[in-house]
Amino acid sequence: MTRLTLVRGDITEQSVDAVVNAANSSLLGGGGVDGAIHRRGGPDILAACRDLRASHYGGGLPTGAAVATTAGRLPARWVIHTVGPVWSAHEDRSALLASCYVRSLAVADELGAATVAFPAISTGVYRWPMEDAARIAVEAVRGAETAVGEVRFVLFDDAAYRAFAARLN
Ligand code: AR6
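All residue numbers for the sequence shown refer to the working numbering, where the first residue is 931 and numbers rise by one.
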């Protein structure tokens, strides 16, 4: 059984086996969670991302997919990079958002990660409405077949925390 937990805080401060990055398909950094992870994790993460772009992911990491690198100086062993969908009012991209969670957990299983911290993927720069994103995230994790023992959602502000808490209870 996977335990789902919630904290209000900064994902770069989580002592877990793997932290999930809300990346973009370039894998070369950005703002939000991505910027914070590269800033605090140091240059080894970007170097590993460049290697991925030079090898398996020459065209970038597709939306909904996930891949791991070192966590550099973060208090975690790995960063699992995933690319959330940009929210759209005209097209239902929920399956891609759910895929970020499910495929990140599959990567965690390959690594042997027992604890994994997720941010609220796509709810920042990519503008996904928080309540809906929380529903999709919790349903995806609950439905995933994984050996991960703890999935920790790390929420940056009160509104995000409340949206996830409402879904868990
Ligand atoms: N810890 C936890 N949550 C955070 C942190 C943090 N340090 N910083 C922001 N959040 P975002 P996206 C919250 O924009 O929407 C980047 O430029 C934030 O309040 O990081 O998937 C990438 O390179 C929000 O609720 O990710 C991509 O181009 C949530 O984390 C693009 O942004 C996600 O916000 C991805 O956009």
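Positions of the beta carbon are idealized from the N, C-alpha and C atoms, including for glycine.
Cβ-heavy atom distance, residue i to the ligand AR6, below 8 Å
i, result
"Tyr1091", "no"
Secondary structure of residue i, DSSP reduced to three states
i, result
"Arg1007", "strand"
"Arg983", "helix"
"Ala1047", "strand"
"Leu934", "strand"
"Phe1086", "coil"
"Glu1080", "strand"
Member of the options whose CA lies at the smallest distance from the CA of residue i
i, options, result
"Pro992", "Gln944, Ala1001, Thr1012 and Gly1002", "Thr1012"
"Val1071", "Ser1052, Glu1061, Leu1098 and Thr1053", "Leu1098"
"Leu1027", "Ala952, Ala1077, Asp940 and Thr932", "Ala952"
"Ile967", "Ala978, Leu1004 and Ser955", "Leu1004"
"Gly939", "Phe1094, Val1084, Arg1092 and Ala1095", "Val1084"
"Glu1075", "Val1068, Phe1048 and Val1032", "Val1032"
Whole-angstrom C-beta distance between residue j and residue i, which should lie under 8 Å
i, j, result
"Val946", "Ala996", "Not a contact, Cβ separation roughly 16 Å."
Problem set entry | Any heavy atom of the ligand AR6 within less than 6 Å of residue CB: hits in chain order | Selection output, chain order preserved: Asp940, Ile941, Thr942, Ala952, Ala953, Asn954, Gly960, Gly961, Gly962, Val963, Asp964, Ala966, Gly1014, Pro1049, Ala1050, Ile1051, Ser1052, Thr1053, Gly1054, Val1055, Tyr1056, Val1084, Phe1086 and Ala1090.
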